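One structure below.
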Amino acid sequence: MTASRGRPHGYRDRRERRRPLARAVKRGRWFAPALVVALALALAFLTLPVVAIFVRTSPGNLIGALDDPGVLDALWLSLRTTLLALAIIVLVGTPAAYLLATRTFRGHALVVTLVELPLVLPPAVAGVGLLAALGPAGIVGGYIADTGVRLALETAGVVVALTFVAAPFFIRGAQTAFAAVDRSWLEASRTLGASEARTFARIAIPAAAPGMLAGLALAWGRAVGEFGATLIFAGSFRGRTQTAPLAIYERLGTDFDAALALSAVLVVVSGTLLLSAKLLGGQGTETLRAAR
Amino acid sequence: MRGCLLLALLLTIILALGIAGCGSSGDDGDGDDVLVSAATSLKSAFTSYGDQFDDAEARFSFAGSDELAAQIRSGAKPDVFAAANTKLPDELFAKGLVERPQTFATNRLVLAVPADEAKVEAIEDLTKPGVTIAIGSEGVPIGAYTRKVLDRLGAAERKAILANVRSEEPDVGGIAAKLGQGAADAGFLYVTDVAATNGRLKAIELDAALQPEVSYGVAIVKGASHRKAAQAFVAGLLDGAGVAALKQAGFGLPRIPIRER
Chain P
560 MTASRGRPHG
570 YRDRRERRRP
580 LARAVKRGRW
590 FAPALVVALA
600 LALAFLTLPV
610 VAIFVRTSPG
620 NLIGALDDPG
630 VLDALWLSLR
640 TTLLALAIIV
650 LVGTPAAYLL
660 ATRTFRGHAL
670 VVTLVELPLV
680 LPPAVAGVGL
690 LAALGPAGIV
700 GGYIADTGVR
710 LALETAGVVV
720 ALTFVAAPFF
730 IRGAQTAFAA
740 VDRSWLEASR
750 TLGASEARTF
760 ARIAIPAAAP
770 GMLAGLALAW
780 GRAVGEFGAT
790 LIFAGSFRGR
800 TQTAPLAIYE
810 RLGTDFDAAL
820 ALSAVLVVVS
830 GTLLLSAKLL
840 GGQGTETLRA
850 AR
Chain E
13 MRGCLLLALL
23 LTIILALGIA
33 GCGSSGDDGD
43 GDDVLVSAAT
53 SLKSAFTSYG
63 DQFDDAEARF
73 SFAGSDELAA
83 QIRSGAKPDV
93 FAAANTKLPD
103 ELFAKGLVER
113 PQTFATNRLV
123 LAVPADEAKV
133 EAIEDLTKPG
143 VTIAIGSEGV
153 PIGAYTRKVL
163 DRLGAAERKA
173 ILANVRSEEP
183 DVGGIAAKLG
193 QGAADAGFLY
203 VTDVAATNGR
213 LKAIELDAAL
223 QPEVSYGVAI
233 VKGASHRKAA
243 QAFVAGLLDG
253 AGVAALKQAG
263 FGLPRIPIRE
273 R
């Protein structure tokens, strides 16, 4: 690199002058265009399926297909179960993430890895694992059944499956957000006589809120899209366990337009969630930067 | 710099392996293998038939018949389509997507329950409150047959049973899994599905009056890239090693074998 830069300005191969491409390659000008080509390829490949959902049939058909009670039931169930799962995740995940972010202990890295494991676990594995653990014949499922609570094939089972797959997204986001909170704020609060619980509630949570919300949006997106674990653990029944992705699968063979319409709704929902995660995440870092 | 080189080397190896792997599965039409899209209920019978099938390597894609038909409708080209009814192959034939279908097997619906826990002992028990039932979804053949059975029951009985249904599964595999794990107390399956669980599930026979007619249709997909192997595969199902495998798995044979070429 340094050698070519140091080359005298007037030096040029005759062949090179005639062929602009060869000249560009020789002078190292190929790199930026190569990056652009790679990005264009990635963009085209990644957006094509999303575009196809909207253009495969007419917008009229898409909207018409939404007017199916089964489709509305599925969307309504998805909304209820994901919100319930998120509530559980926030309630338990926030303090857990705070502990992971503010304390070091033996096996800290192991705990973090175990908590994050569902992020990379195949959903089918999650479903089988949930059945083996919490199903009626599972290792703790029998005790749960004795209390009269049924999870498998029930709406509660959907919430369990969603919580399992989505929780790590929130815990990870919240942990990072808590870790980024300036320690001196927490210490100042403690020196001024506030208890740790009060410091957690009044200082740490507000300061970490944008990052937590970004994690929450990602968790919601994952929960909305959950398919495999739900089908295996909770089954598929209209209005009870058939969430929007399961309703898409059921319609694939019989009513492709309805499958497309539901998919379109989920694209919009997921896109909105990703966008809000980005905006909140950005806002979070700005707040932090401003604080420094 | 060394890291970069290592990464590049690794990527090259992965790409090379990947391309080699993809290429061997469907590159040419010389009859190296035959791709069979088959109903999940055919899994054990077809797997053992495939092991004996010499003309080509048989590769299977098992799923609900409606799912497989939808794939073919949207342009997928397996070589053979075998469904748990004759309706779907006939429909694809009418659309010009497959060659003339042939009936190659029959089956029987049963009430399946976990073998070790007999909460349900007869179809009448399905109406009891607290019993959980898994059936096939409406689009998949097992679900359509199940609804036929239920339609032949009295209205009150049907209603009570439907109220106990907790899952509508995409194929027989899903129903068998829910029963095997005790998540559901009973479900409607083919007698061959129960046989394939090696004693984990128990079959309760249905009254002859309730029994729907279950026949399996097979067709060669138009434009199949391994047509010769596909023909051999279908021929073996109608009169050959496939018949033995089907019988072994508990399937019936069609009363009037239709041989049309």
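Chains as they are written, first to last, in the numbering used here: chain P, 560 to 851; chain E, 13 to 273.
Where a beta carbon is used, it is the ideal one built from N, C-alpha and C, also for glycine.
A quick note: this is a predicted structure, and the numbers were derived from the prediction, not measured.
When you compare only the Cα positions, how much space is there between glycine 43 of chain E and glycine 248 of chain E?
Note that glycine 43 of chain E scores a pLDDT of 49, beneath 50, so its modelled location is shaky and nothing firm can be said.
Keeping to the same chain, check which residues put their C-beta closer than 8 Å to that of alanine 704 of chain P; ignore five residues upstream and five downstream.
Cβ neighbours of alanine 704 of chain P beyond the five flanking positions: Pro695.
Identify the contact partners of glycine 707 of chain P in chain E, using a Cβ-Cβ distance below 7 Å as the criterion.
Annotation: glycine 707 of chain P has no Cβ neighbours in chain E at a cutoff of 7 Å; minimum Cβ distance is about 11 Å.
Give me whichever residues DSSP pairs with lysine 214 of chain E in a beta bridge.
E:Val125
From the beta carbon of serine 617 of chain P, is the nearest beta carbon of chain E less than 8 Å away?
Taking Cβ atoms only, chain E never reaches closer than 8 Å to serine 617 of chain P, which makes this a no.
In this structure, does DSSP put asparagine 8 of chain E in helix, strand or coil?
Only positions 13 to 273 of chain E appear in the structure, and residue 8 of chain E is not among them; the question remains open.
Quick check on this structure: which residue in P:Thr722, P:Arg615, P:Leu638 and P:Ser637 has the alpha carbon closest to the alpha carbon of leucine 678 of chain P?
P:Thr722
Could you give the DSSP three-state label for isoleucine 762 of chain P: helix, strand or coil?
For isoleucine 762 of chain P, the three-state secondary structure derived from DSSP is helix.
Cutoff 8 Å; reference leucine 745 of chain P; Cβ partners in own chain excluding five residues on either side:
Thr661, Thr758, Ile762 and Ala763
If you follow the alpha helix (DSSP H) that leucine 1 of chain E is in, where does it begin and where does it stop?
There is no way to answer for residue 1 of chain E, as the model of chain E reaches only from 13 to 273.
Closer than 8 Å at the beta carbon, the chain P residues around proline 182 of chain E
Leu790, Ser795, Tyr808 and Glu809
Exposed or buried, what is glycine 87 of chain E when buried is set at 16 or more other beta-carbons lying within 10 Å of its beta-carbon?
exposed
How is glutamate 713 of chain P classed by DSSP in three states: helix, strand or coil?
coil
Below 8 Å on the Cβ atoms is my contact criterion, and I expect proline 101 of chain E with glycine 229 of chain E to pass it. Report the Cβ-Cβ distance as a whole number of Å.
4 Å
For a cutoff of 8 Å on Cβ pairs, would you count lysine 5 of chain E as touching chain P?
Past the boundaries of the shown model lies residue 5 of chain E; chain E is included only from 13 to 273, so the question cannot be answered.
Tell me the rounded alpha-carbon separation between glutamine 801 of chain P and glycine 587 of chain P.
Each residue's Cα considered, the two are about 56 Å apart.
Is serine 748 of chain P helix, strand or coil when you go by DSSP?
Of the three classes helix, strand and coil, the one that applies to serine 748 of chain P here is helix, per DSSP.
Let me check understanding here. Comparing Cα to Cα, which of E:Ala94, E:Asp67 and E:Gly252 lies closest to serine 227 of chain E?
E:Ala94
Reference alanine 146 of chain E; option with closest CA among E:Gly192, E:Ala127, E:Ala168 and E:Ala106:
E:Gly192
Short of 7 Å in beta carbon distance, which residues of its chain neighbour threonine 561 of chain P, apart from the five on each side in sequence? Order them along the chain.
Here threonine 561 of chain P scores only 43 on pLDDT, less than 50, and its place in the model should not be relied on; the value that follows carries that caveat. Cβ within range, chain order: n/a, list empty.
Tell me whether leucine 821 of chain P is buried or exposed, calling it buried when 16 or more other Cβ atoms sit within 10 Å of its Cβ.
buried
CB contact flag (glutamate 79 of chain E, phenylalanine 796 of chain P, <8 Å):
no
For isoleucine 698 of chain P, three-class secondary structure by DSSP:
Coil, per DSSP.
Does any residue of chain P bring its CB to less than 8 Å from the CB of valine 110 of chain E?
By this cut-off, valine 110 of chain E is not an interface position.
Span of the alpha helix (DSSP H) around valine 647 of chain P
Note on identity: in this sequence residue 647 of chain P is isoleucine, with valine being the wrong assignment. Here the alpha helix (DSSP H) through isoleucine 647 of chain P covers 628-661.
Counting only beta-carbon separations shorter than 8 Å, does aspartate 66 of chain E have a partner in chain P?
no
Determine the contact status of alanine 862 of chain P and alanine 711 of chain P, defining contact as a CB-CB distance below 8 Å.
Lying before the first or after the last residue shown, residue 862 of chain P is absent from chain P, which here runs from 560 to 851.
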